[in-house]
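In the numbering used here, the protein residues as written are 11 to 230.
Where is the CB? At the ideal position from N, CA and C, for every residue including glycine.
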Amino acid sequence: MKDEVRVLLVDDHEVVRLGMLTLLEDIHWVEVVAEAGTAAEAVAAVAETRPDVVVMDIRMPGESGIDACREITRRWPDTEVIMLTSYVEDELIFQAIQAGASGYVLKQVGNRPLLDALEAVRRGEALLDPQVTQRVIAQVRETEQARQASAFRDLTPREMEVLAEVATGKTNPEIAEVLGVSEKTVRNHVSAILAKLEMNNRIEAATYAVRNDIQRHLPG
């Protein structure tokens, strides 16, 4: 655990920064090393002061807090970012996590969540506000399911069925028997599948099908 956490405060409203500064100045293990009012100022302040934690508003004029978070975590991976927002917005939550945010706190729920977030970062942990954790999980699942579904968007229903059988390791004659078609038809389907997926062989196609959970997306 760190003895002291060096913090950069970022918000385009000076009164908000003043409120956070007033809150944190009485916390003996917190040192506020700088303040910033824009994303560009935040990045410059991190370069100059190298804080342990950036507490940053998600919405600011010009570049957003998410843009700054992405650049900060890319350039200084040891610096943690806690995002502040006034609203629970699923897409912004997801973008913040993708950008590398370690915590996400709602402004209107009081001071304790922010202190909890700083303490978690002090211990080397990531923190999400309890109100948004389930939303993030749901968004990740939805995005993954959409990605998997789009993985097969160019295939016909019959090609999907053939690929599903290829993924189980069946040969062309075995697939022909299962689907009640000729081996030539299966060969044609396999060739079409490889062409559409831009793959060289059925092993690649089978791996792709399993990775994208083809059974979940079979027609009917």
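| query | If you drop the 5 nearest sequence neighbours on each side, which residues of the same chain put their C-beta closer than 7 Å to that of Val53? | reply | Ala78, Glu81 and Ile82
>> Just list the residues that DSSP pairs Arg16 with in beta bridges.
In response: Glu41
| said: Can you list, in chain order, the residues of its chain with a C-beta nearer than 6 Å to that of Ala44? Leave out the 5 residues immediately preceding and following it. | reply: Leu18, Ala55 and Thr59
Check whether the Cβ atoms of Leu94 and Met66 sit closer than 8 Å, and answer yes or no. yes
- request: Report the residue from Asp22, Arg221, Ala49 and His38 whose alpha carbon sits nearest the alpha carbon of Leu125.
  value: His38
Practice item. Look at the Cβ atom of Ala57, then the Cβ atom of Glu73, and state whether they are nearer than 8 Å. Key: no
How far does the beta strand (DSSP E) with Leu116 in it reach, from first residue to last? Gly113 to Leu116
Where do the N-terminal and C-terminal ends of the alpha helix (DSSP H) with Glu73 fall, by residue?
-> Where Glu73 is concerned, there is no enclosing alpha helix (DSSP H), given that its DSSP letter is neither H nor E.
* Which class does Leu94 belong to by DSSP, given the choice of helix, strand or coil? -> strand
**Q.** With 16 other Cβ atoms within 10 Å as the buried cut-off, status of Thr3
**A.** Within the shown structure, residues of the chain are numbered from 11 to 230, placing residue 3 beyond reach of any answer.
ask   = Does the distance from the C-beta atom of Val220 to that of Val196 stay below 8 Å?
value = no
By the three-class DSSP mapping on this structure, what secondary structure does Val220 have?
helix
In whole angstroms, what separates the C-alpha of Ser160 from that of Lys117? 37 Å
Per DSSP, Met66 forms a beta bridge with which residues? Val20 and Met93
Drop a sphere of 10 angstroms on the beta-carbon of Asn182, count the other beta-carbons inside from all chains shown, and report buried for 16 or more, exposed for fewer. buried
How is Ala109 classed by DSSP in three states: helix, strand or coil?
coil
Outcome for Glu35 when other beta-carbon atoms lying within 10 angstroms are tallied against a minimum of 16: exposed
Quiz item: For Ala127, which three-state DSSP category applies?
Solution: helix
- Report the option in Glu187, Gly113, Met170 and Asp21 whose CA atom is closest to the CA atom of Gln225. Met170
Note to self: I'd like to confirm the pairing. Which residues does DSSP put opposite Ile46 in its beta bridges?
What the structure shows: A small fix is needed here, since residue 46 is Ala in this sequence, not Ile. BP columns for Ala46 point to Val20.
Fill in: Simplified DSSP state of Arg80, which is helix, strand or coil
helix
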